[in-house]
Structure formats: structure tokens, C-alpha cells
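Protein chains in written order, with the working numbering: chain A, 1 to 306; chain B, 1001 to 1990.
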């Protein structure tokens, strides 16, 4: 693949994606299709156009310039995505940045240049770069070059992955240049995994098992992470199964990612379907007591929750 | 003659009514007379158009109204229109001040008499005014509650939780000789009941106006003359001030506060407001009746004080103050008229010039006795032709003798108090104070408690001579460390040493609390201009010693402990961090104290500050002894008369004038040079417009400097400072007062306000009008003139499509640097009345809010009346990424900021962060910023939600400390605009 992947965002000053002050690179495109996806704009590998109704000042300039007549105030999503050819003329014209391009092609050099500015902060805080998404492992050659370049700059690297990757390419192209792998484990039941995430979890589980062995030899941190999705992954039976699995694998630590409902607006922006919006449990934060109970499921198995 | 309007009749009738009441009602008539005779003055009232013109004359107990304003009228109130007159009659006095600020009313003449006139009005109207103000306050409280009704009460526990945890030090700095764990984590406020009690007083006792100082001085001047002495010979000003100060010090009441370890007070009140009628004291005349009931920062005042100030003190000083001296001697210069319109600059010399730091090590090493000896030697060496020098030296001796006399009185008082004391522990303390004050400051100090008491007594005396605004203490840790070490060396057991450390914390804590025993006099207009500010007595910790070695020592950490457990706004604590010399453990402790107190100390990069001072050619060992004065400004301790906050300059006013061809829109005054019209297309390139901006800015700078120099002269005539001079290196040998250039180093420092707003506005013009040609300049101008209501799309474009300062954009950073360089160069070109250079800094006290309310919409998209950013802090929407802000600010050249800067960062700890994690994050930002060369940084570690809750429910947040721009204040004492500005600052999660 010669074409570079699309980058959603490079977010500096992140304190929640690994140790220290980190810069997170969000890749666009994911092999999974989780119904609760917190970054729905990161699912597809192609560029999209987003409309943020809150930012729109109603000046109407975009309506004038759209060559396809794809924009309409009558349309609840504003953009007729079948008619839109992604020429982005409206994005150029919008004074309020209510219309925006989702996904920009960047080269490895572009990314490294943007990230290197933050190195002084990495140095004082013990931080670095985290690759996230989307799913970075979808782009093994590109990510490999990027990681090598970052290592060339002596920058600490982490990858956040859903685990759905080809183990041989991951191990040969990415793992050698990583300091840590943050590995999501969502559902232990294969059927449920297919139902909620679009694919079975067999590859993911196998990859975790393999990686556990490999990382031990390489001093790479492997941190399993479990999103706590109300009524889906946070169910007692699922968490108990994950805890048991991690115990069997000898994983000392796990990170729990409590559900937050802030993503709903994002589906509107890109005109994506959202079946969970009407679900009351999915529009509220997971409460603190429940989070505490979830933690306990793991600590009971002797796994530290970080 | 202009046509008179119906308002003219109304004003005439009201003034006639006033005249009749004062003439015929004895309870009012008594106010026409002072101790020196009838108080004669006259006030004119007119409109700009002349539709109203009336005058009221108070003369020898008679009051007359004239239908015209006769020549020689003391002061005239000039209203923009008839409507403004009518409005003034309807609104409470604080709203009238707002009208004054907003230039709907201007004054021509002696401002003291306006205040006197207001006082007379308040005698007639005070009941009605109070009702209006109470109503206003109730409405205000209701609105605040409504604005923050759904706040989580858990927010109110946050600060207590932070105070409950403490780090342990991971290493000991080489200069720490005695402390086992320099962070002193074992101590909490509760371990010091004495300090807790003082803190409670500080937060609950309403300050009271004290007339002791002005009454004693006025007595002395009435008896001995001011311009001429008893024999009719012109006074030598230094000698006059020296003799008067000695009289004051000998006769003021020696007070030892209950349970205090330090003797002496600045006033006779628990918390006193000191009155300086020789500077801005008469500005409170109009509020003598209403000040206890005003909404913001009310004071108590006794009937005795009102009577003394009105009848005895103020009438004597109506012309003998800095402002009026300039008006009278320079015939109302333009530069002064500009100052008194509030919108373009504000000169602090009308209040004080004491933004400096004195030679306390000398006080401690030689005592007054040793210094007097030195002065005598110099005096003896004088030739017959050195009359002026002899007078100056003689004046210094009088002052120092006055200090000694006061200390003796304190010593006697301590003895008397101890004899009456029943508690044996306290009796012993008082006996010790008796001993201490008998010895110091006359003699050299030998112990820590002597040193602290000596500094305090001299501090009190300095405040009797000079206005309590920004006079600063300097490197307290360095001054005290030798005494701490010497005391420690005498102790034999570990237990004794532990007790002593605790005692040292308590003693320094008492010193901090002593500094809160006085407040500056803030007339109500000051609540809008400088809300919540105290005297700003800056203490500076850490950094390097004069020889370049690490200065962090035991007392650095003792002071930090005190800063942490008290969490008070004043002393304003500053910390120097010298990258490569000072330890990371020290920096981490600074961050911990910031986290626990939410806002202090402010942190400085020693290397950058020293680099900024290079061009001033201070000897390197002197430069390394710099300390912050007032807010953040560097002063060479004990050697430097730098009046580092001589003016607050509104850079944005120059931009507005450039956009309007020299006209200032709020003042509606074509006062600046004609630099071209936007509407007529006079600007063909961006540089054409940049030049228009710099031309207007230069015009303001020239005027402000002219006025500063005039005011400087007035200080030399009215209030030279022999005591202060005797403690500044150079004044004794030169025999010249500090107000006349006697100090070893001289400079004047400006605070330039609105750098980010000007930069972003110029970027909008450059990018959209000239580079990308997306909008015509005239269209942009039209949008600005309508506050963008005519073109919301353009408003969106300027706020979202222009790279801003703080966004990581090189061009925007270059623009900021270009403006900073121009500012620095123009100021530095000028030599002040003492022979020193003008320095430029980019910090704003609270004037980014006040100047903001007086400024229209800007090309940057900032709307009319909104605050500018504090100091040189980037706009909240410049970048979502704090690192961009930090990087851009760190890349500004320190050589353009030789009066320092203020970079505000508001950070919010994550809900799940531990004490250590939160501090680690703050530390990482600060450390990186300093590594990158950033000069100064100050944190607010609070959430906007907490601030909103505090706005609605101040009773839970009386001690919530916030950093404004350079100084600290309690959030609940701020005016609404300032509170909102803090809430709306960008907030970064950590």
C-alpha cells in the first residue's frame, strides 16, 4: 500500500493515554464495528465530512458554493452524503469551521515534525507518543516506519490496539519499536463479540496469548484494557470471564475504561446511524459504585486495576 | 452662549436646595468649617454642549449658586449629555464612578474638591444612596445564586482535601543545613493555634480606616509649616519630612497585638486602612459616610475618624498631593488629562513610588546605630558647599532616630503588658518582646526573633513614610538564614532543634500575618480598576546567591511551609528557580504549594530574568540579588530605585486609535496623531497599518512618560523619602534622596497590557485583509464598530480562521515578538527624572479587566467591554493544547521584557489523580517551560465550577485564593467582571 493512511487528529498534552504527558496520534479506520464506538468518525478508512450544528452560524455560504447542491437546512444531518462528492469546497468556505474534513493524509515526516515539538514535555514527565485510532495496526508498513522514526528521536512509544491484527506483521514490523502495547479485551464470549463488535474474538484472544509470551522476553509492557460499556461489557459474567482469562495468562494489571456518553453527538456530525441513542443507560455515565464493583471482580483474582 | 435646556433648571434648583440646606441647617453647616477655618471651594456643573451650566460656591460659611461657571472654579463636572446628568441623579454613587470611567462624565480641576462635593452630597443623600446600594446588592446576590444553582456542594470540600495530604522530599538541597525533611510535611495549620487565630481574624474582621498617621503629620505640619518653616524660610523638603516622620514615630501608639510574637502595628486598628492624604488619601473623602455600606471591600470608619479627616486633615492636603501639585505646577498638562480619563493609561505615582526593596541585611547587620554612624561620617566629610547633602543626611538621621524611638516605646509597652499578663507563658513572651525591642533595630540583630522583629519595626516605619503599595520585602529566606543557622548551632539536643524549627515556622507565620495588618486605601473606583488587591508586599525565595551558588536553604522551605499553611494573598510570594542550579525537589515543592493553596507562589526562571536585566548593566553579583516587587517586577535588593509599576499602559488603546485615525472611540476625542483612515483606504500594506499602531502607541508612551516625570518631581518636593533613602545603597554617599536619583541603580518600570489582544488583532488584519484578501479593511472596521452585529460570519472568521498567539503558529509568535520589541525599545529610549531607563513588562495586575470594559470590539473578535487576556497569556481559544501556549510564551525574548511578565495557566486536577500525580503534572509543565527558556509562570489550580460556586456562595470560599495577573486575591472580594474573567480563562485538565 503506497497511499498513506488518514490521520484524524494529533492531540498533544494527553494525560490519560499512558505515562507522563503524551501526544496521541489517531488513525482513521478500524476492522471492528463496535456499537458503542466512542470515536465513530474513526471507523472508516476514507475521508469524511463532518457538520457541527453547534458551531454553525447560519451564514449560508456553504449552500452557495456546494456544486452538488448536497447541503440543505431541511436535512436533519445537513449533508446528503449520497450526493456529496467530498470536494470539501464548503469546508474551505465555512468561516465558523462548522463543516470540517475528517481525516487528513499525512506522511511519516509530517507526523514526526508535529510530535517532536513536544519532546521537552516527554522528557520532563516521562511521556511520549501513543498511537491510537481507529486501529493503527491496519497500516503496518506506515506504522512501522513511524515507530522507527520515533525511536530514532528517542521517543517512548505506545500502541493502543483492538487486537485484531495479523500477528506476524505486528511482531516483525511494530513490536520491535514499541515500549508498550495497550490491548483492548472487550467480550470473552465469541458470539457476543460478533454481535456487538462485528467480528469474532478468536484472533484477538490468540494474539493476546502470543503477545503475552513475546512481551515478557522483550521488556515491552502489555497492558490489557477493558472498556466498561453499560449492559454490554460491564456485565458480571463477562468481566468474570475476562478476569479469569487474564489470571490464566498471568497478567498482573488491567486498566478499566468506564463508559462515557459523550460520543453521541459525533455520530450526528458524520451522519452515521446510532441505534443506542434512545437507550437511557447509554446516555448516562457509568456510576461510581458500579465502577467500584467492576474493579473488585479483578482484584479478587489478584489483578491490580490501574 | 449655548441654548440652555430644561436640565439646566433642574440642576439649578437642586444646587439652590443644597445651598440653602448647608447655609441654614446647623447640623450641615458645621461641615463647612475646618480646624484651619472655613473650607472654601467651588464646583461647576456643565454639559459638553453647554446646555447646562451652573456653579455652586462655598465661601466663608456662605453657599451661593451661579448660573455660570466663574473663572477659578475649583473643579467642574462635565457631562457628555443631559441624559447623563439625569442618570447621575438616579443612580447610587458607585454607578457614578462607572459613568466617570466610561467617560460619560469627566472632571476638570482639583479632584479632591469633587470628593468633598460628593461628601456634601452624601450628607444629604446617604440614606437614599444606601437603600439603592442595598437593593443593587440584593439583586446581585440573587443573580449570582441563579447563575450557579446546580453546583455540586462537594466542590467546597476540595481545598480541604488538598490540604490534608503532603509530599515527602526525595532529596535535600545543598543549602539546607538543618531540616531533616525540607518539605516539613509533619506540620499543619492546626499545630499553630496562634496562627489559626490570626488567620480567623484576617478572614472575618472588617478593615477599619485609621487616621492616626495623617492626624499626627497634619498636626506637625500645621505647627511647623509645609512650604515654609516657622520663620517663613522655605523648608528643605527632606529635612521637613525627616522631622515630621520622627515626630510621627515618637508619638504614635505602641501596640502589641494579643498573642503576637512580633511587636508593633501599622495602625491602631486590628486591620487598618492607612490614609496618605499627601498621595491619594483625599480620594476617599466622598465616601466617608458610605464606605461601610459599599458592596465591595467595605471598611468600618468611626465618627472620630470622619470628623478628623473632614475637618482637620483633608482640607490641609487638597493641593499638597502629587496629582494636584502637577496640575497646579504644569497647568493641567495633556498627559494628565489623558491619565484622568482612565482609558489609555494609569500612573501609580499619584499614589506612591515605593515599588522597591530595601537593604534589610544592612538593618540586621549594623542596626540603626551603625547606619547613623555611617551617615554622620559622610556628614562630617561634607564641605561648606554641600548644604543640600547635609540636609538630606540630617533628614535620614532624624528618621532613623524616629525608628529607634518607636522601638523603645514598644519595649516599654511590652513591659507594661507583661506586668498585667496573667498567663505565665504569654508573660514570658511579652518579657522577651520587651528585651528584643530594647535592642533592635537600634543594634544589630543576633537571633531569629530579633531579626524578624527588627525587619517588622522598620517595615512599619517605612509605611509611615511611604504609601503601602508594592513596597516589598525581598529575599526573606536569604535575610533570615544566617540567624536560623546561628540559633540552631546553639541547641544541644534533637528535641530542642525540632522545637526550634516549629518555633521558626510560627515566627515567620506571625510575620506573614503582620503583613496583613494593614490594607491600602481603595476608593470605590479602585474596586473596579484594581479589585481585591492588597498592598502586594512581595517576598522572593530561592534562586542563586550573589556568588552564583544555590540559594535554596532551610529558610526557603520554612517560608514555603508558612505560605502553604496560611494560603493568604499578601505577602505576595514569588519563587526564583534557576535551571541547572536549583534542585528538582525544590521546584516540586513549589508546585505542591501551588496545588495546596491553588495560586501561590508565582514562579520565575532566574536565568531568563537575569538575561532580561543584562542591558541595564547591573554588577553581576547585584543582579543575582534581584527580587520581585509588588507583582513580579525585578528590583535589585537594597540598591535600586526602580518604581517598577510606575504605569499601567493600555496597548490596545493605541490599536483603537490607529483604527480611528487618532480618535479614541470611548473618549470621543481626536487626541492622537493623524495616522490614516481605514475608511478612506489609506493603508496599502500591512506595514502601513503597523506603523500607524506604533505611532499611536508611541504618542501614549511619550505622554505617560512625561506625566511620570512630572509626578516624580512632585515626590521630590512633597514627599522625599529620607528613611527609605537611608536604606538604599548609594543615597548616603551621594547625599541625595531616592526620589532624586540618589540610589546606586535607577529605573522606572511600565506594565504593558493587552499584548495577546493586540497581536491577535494585528494577525487578523494581516491575514484576512492583506495576505489572503478575504475581507476589505473597511468592512472589517465596520464590523468592529457594530460590535460584529452587522457581520457574524466575519466574527466567526476572525476568531476561527486566524492563527493566534499561543497556537504554535510561528507568524503569530513573530508578531507578538515584534510588538514586544517595539514596546521595549521605545520605553528603553527614555531616561527618567532620576537618570535611569524605562523598562517594559507584560503583566496587568487586574487592569486587563478594567481596560477591557473601556474598550470596543477588536479585529481579534474580542467583543466590546470584554476583558483582555491577563498579562501576556494567550486567548483561551488560541489552542486546545496547553503545550502550544507554553511553547509560544517560552519563545518570547526575555530581552524585550526587562520588567518581567505574567503568564497565567489554569489547571484542573483529574478526579482520580492522587496528590502526587497532580503535582507531578504541574511540575512537568513548569519544568519544561523553564527548560525552554520561559520567564515567569503562575498557576490557578481551580475549576471553573468551583469559581462559579464561590461566586454564588461566597460564605464557603472566603479564603479561596486566585492569582490575577502578578498578584493574589481572594476570589470573593473581586468585582463581578473580574470573577467572570477568571471563570472564562482556558482550563486545562491535568
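By construction, the Cβ of each residue, glycine as well, lies at the ideal position given by its N, Cα and C atoms.
Contacts with chain A at 8 angstroms (Cβ-Cβ) do not include residue 1934/B. Excluding sequence positions up to five before and after residue 1046/B, its CB lies within less than 8 angstroms of the CB of 1052, 1053, 1054, 1069, 1076, 1077, 1078, 1079, all in the same chain and listed in chain order. Pairing residue 1563/B with residue 1540/B gives a Cβ-Cβ distance that is not under 8 angstroms. Approximately 5 angstroms separates the beta-carbon atoms of residue 98/A and residue 52/A; this is inside 8 angstroms, confirming the contact. Against chain A, a Cβ distance below 7 angstroms from residue 1990/B picks out 15. Contact of residue 1582/B with chain A is not assigned, every C-beta pair being separated by 8 angstroms or more. For residue 20/A, the nearest beta carbon of chain B is closer than 8 angstroms to its own beta carbon. Exposure of residue 1373/B is indicated by the presence of fewer than 16 other C-beta atoms within 10 angstroms of its C-beta. Against chain B, the beta carbon of residue 50/A has no neighbour under 9 angstroms; the closest one sits roughly 15 angstroms away.
DSSP, read as helix, strand or coil, puts residue 1591/B in helix.
Look at the beta carbons and you see the region 1282–1301 of chain B not touching the region 1667–1680 of chain B: under three pairs across the two are nearer than 8 angstroms.
Per the coordinates, the alpha-carbon of residue 227/A lies some 11 angstroms from the alpha-carbon of residue 183/A.
Straight-line spacing of the CA atoms in residue 1677/B and residue 1656/B works out to 12 angstroms. A distance below 7 angstroms between beta-carbons, with the five flanking residues on each side excluded, links residue 106/A to the following residues of its chain, in chain order: 4, 7.
Counting along the chain, the unbroken beta strand (DSSP E) around residue 9/A starts and ends at 6–14.
Cβ proximity to chain B below 7 angstroms picks out 124, 125 from the region 124–139 of chain A. DSSP links residue 1669/B through a beta bridge to 1664/B. Taking C-alpha positions only, residue 1688/B is separated from residue 1662/B by approximately 15 angstroms.
Taking a Cβ-Cβ cut-off of 7 angstroms, the neighbours of residue 1882/B in chain A comprise 13, given in sequence order. Sequence-ordered contacts of the region 1800–1818 of chain B with chain A read 1800, 1801 [C-beta pairs closer than 7 angstroms]. For the region 1604–1626 of chain B, the set of residues with a beta-carbon nearer than 9 angstroms to any beta-carbon of chain A is empty.
Considering only beta carbons, no part of the region 1145–1171 of chain B lies closer than 7 angstroms to chain A. Taking 7 angstroms as the upper bound on Cβ-Cβ separation, chain A lies near no residue of the region 1401–1422 of chain B. Using a CB distance cut-off of 8 angstroms, residue 189/A does not count as an interface residue toward chain B.
Bridge pairing for residue 1228/B: 1234/B [DSSP].
Residue 1313/B holds the alpha-carbon nearest to the alpha-carbon of residue 1037/B among 1230/B, 1313/B, 1044/B.
Contact between residue 101/A and residue 57/A fails: their C-beta atoms lie close to 19 angstroms from each other, not under 8 angstroms. Note on geometry: alpha-carbon atoms of residue 1281/B and residue 1630/B lie some 20 angstroms from one another. DSSP places residue 1439/B in the helix class (H, G or I) of the three-state scheme. For residue 1077/B, the three-state secondary structure derived from DSSP is strand.
By the Cβ criterion, the region 1742–1761 of chain B is not in contact with the region 1375–1385 of chain B, since fewer than three pairs of Cβ atoms, one from each stretch, lie closer than 8 angstroms. Residue pairing by DSSP leaves residue 1830/B without any beta bridge partner. Between residue 1877/B and residue 1820/B, the C-beta spacing is not below 8 angstroms.
Between residue 1600/B and the set 1619/B, 1626/B, 1561/B, the nearest pair of CA atoms involves 1561/B.
Our two residues, residue 40/A and residue 134/A, have alpha carbons roughly 9 angstroms apart in a direct line. Shortest Cα-Cα distance from residue 1274/B to any of 1469/B, 1684/B, 1907/B involves 1469/B.
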